[in-house]
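Novice: Letter by letter, the sequence shown follows residues -21 to -1, 1 to 269 of mature numbering (1 follows the signal peptide of the UniProt record, and there is no 0).
We treat Cβ as the ideally placed atom computed from N, Cα and C, and that holds for glycine.
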Amino acid sequence: MCRIASLLLLLWSLLPLITLAGPSESVDAYIPASHKKLFSDYNVVIFGDVALARAAIKGPLAVQGSAELADFDVAGNGNCDKDARALVVAGKLTARMGAVNSGYTVVGSRSRIDHSVKMTCTSRVEQYDPQRNGDIEFDVLRGNVLRETGDMCVTSPTGEVESENGTMTFRPGDPGFSCYTFFKVRTDELRLITKWVYAGDDFYRNIVIVVSGLKVDFRDFGMEGFNARRTLIVFCAVYGSFGLYNAKLHASLLAPTASFTTSNAIINGSVVAGNLRGSLATLHTNYVTC
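1) Using 9 Å as the threshold, is the C-beta distance between Ile115 and Arg64 below it?
2) Give the straight-line distance between the Cα atoms of His263 and Leu233, rounded to the nearest whole angstrom.
3) Nearest by alpha-carbon distance to residue 272: which of Lys163, Leu193 and Asn144 is it?
4) Three or more C-beta pairs under 8 Å: does that hold for the region 31 to 40 against the region 53 to 64?
5) Tell me whether the beta-carbon of Thr236 lies closer than 9 Å to the beta-carbon of Arg256.
6) Residue 284 lies in the alpha helix (DSSP H); which residues open and close that run?
7) Given a cut-off of 9 Å, decide if Ile92 and Val86 are closer than it, judged by their beta-carbon atoms.
8) For Ile25, which residues does DSSP report across the bridge?
9) Could you pull out every residue in the same chain whose Cβ sits closer than 7 Å to the Cβ of Ala207, ignoring the five residues on either side in sequence?
10) Which residues in the same chain have their Cβ closer than 8 Å to the Cβ of Ala8, if we skip the five residues on either side of it in sequence?
11) Which of the three DSSP states is assigned to Ser13 in this structure?
12) Which residues share a DSSP beta bridge with Gly247?
13) Residue ranges of each beta strand (DSSP E) run of no fewer than 3 residues wholly in the region 37 to 102, ordered along the chain?
14) Where does residue 282 sit, in a helix, a strand or coil, going by DSSP?
15) Start and end of the beta strand (DSSP E) containing Arg198?
16) Would you mind working out which of Asn123, Leu72 and Val189 sits nearest Ala49, comparing C-alpha positions?
17) How many angstroms separate the CA atom of Leu125 from the CA atom of Ala252?
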């Protein structure tokens, strides 16, 4: 019975992704979106677990599961605000040799913060309690983000993609009445790609790149011509697995059920993902919608 109940609960959480019947013709519905607010409030939001070593997260970090942090720096790009949350871990936090800046820390039960962790703004540490303290309600936000991801994953592309000699070029089509350009790529098309190039001259247009497929590694990878503040990469696979190795991304990532493994990765944007492990640096570039 327990296994059946767990399966039913899992299927219920995935309904936003699996019940959509066909492509959506409008993208305006998600402009005032939950993922935009998450990108504004937090630099990285993980709905599963985190294991990071040698990581620099420029904005606040929020984790629903457990987090293991070593040799890290969190929320290093803001002014000290003793009433702001810089690090939120709903589960167990294990942290050593790092720094929490710009705000206070929220942790779950059985957490352990080593004395080698510096609290540069405030030594305040609170117990995670969304009902009493107004902490981030992960389950509610996860449901909203899943719905938005599902909507974008079935939206018809409005731009064209060409590949040649390891470079994938994104060419915008007729913008019509929407201020978004949608592109779609498959993971099997990305295996030998080391560079993405945006060929449009509309620097202030919002670009959404939808990636379908279960697994791919971005190795020695870079992006040119993209406005990081207006570029979003959406990973559609339910429980997909992706790697970022010596990769530099000028975009925010939306992948609420996917797992990422990183090494020497730089993300000029924000991240919403399922699980995250490895080493990386992120810049809290504010995601802007039109």
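Specialist: Taking the structure as given:
1) One-based indexing of the sequence shown puts residue 115 at position 136. One-based indexing of the sequence shown puts residue 64 at position 85. Yes, they are a contact pair.
2) Reading the sequence shown from its first residue, position 284 is the one you call residue 263. Reading the sequence shown from its first residue, position 254 is the one you call residue 233. Their backbone Cα atoms lie some 14 Å apart in a straight line.
3) The structure shown does not extend to residue 272, since the chain is modelled only from -21 to 269, so the question has no answer here.
4) yes
5) Within the sequence shown, numbered from 1, the residue matching residue 236 stands at position 257. Within the sequence shown, numbered from 1, the residue matching residue 256 stands at position 277. The answer is no: Cβ separation not under 9 Å.
6) Here the chain comprises residues numbered -21 to 269, so residue 284 is not present and cannot be evaluated.
7) As a position in the sequence shown, residue 86 is number 107, starting the count at 1. As a position in the sequence shown, residue 92 is number 113, starting the count at 1. The answer is yes: Cβ separation under 9 Å.
8) The count along the sequence shown starts at 1 and reaches residue 25 at position 46. According to DSSP, Ile25 bridges with Val42 and Ala252.
9) Here residue 207 corresponds to residue number 228 of the sequence shown, with the count starting at 1. Answer for Ala207: His229, Ala230, Asn247, Gly248 and Thr264, listed in chain order.
10) Your numbering for residue 8 matches position 29 in the sequence shown. Confidence is the limiting factor: at Ala8 the pLDDT is only 40, short of 50, which leaves the residue's position unreliable and the question unanswerable from this model.
11) Numbered from its first residue, the sequence shown carries residue 13 at position 34. Correct three-state label for Ser13: helix.
12) Working through the sequence shown from its first residue, we reach residue 247 at position 268. A small correction: the amino acid at residue 247 is Asn; Gly does not occupy that position in the sequence shown. In DSSP, Asn247 forms a bridge with Leu262.
13) 40 to 42, 46 to 53, 64 to 68, 72 to 79 and 83 to 86
14) Past the boundaries of the shown model lies residue 282; the chain is included only from -21 to 269, so the question cannot be answered.
15) Translated into positions along the sequence shown, residue 198 becomes position 219. Start and end: Lys194 to Glu203.
16) Taking the sequence shown and counting its residues from 1, one reaches residue 49 at position 70. Comparing Cα-Cα distances from Ala49 to each of Asn123, Leu72 and Val189, the minimum goes to Leu72.
17) Here the question's residue 125 lines up with position 146 in the sequence shown. Here the question's residue 252 lines up with position 273 in the sequence shown. Going from the Cα of Leu125 to the Cα of Ala252 covers about 11 Å.
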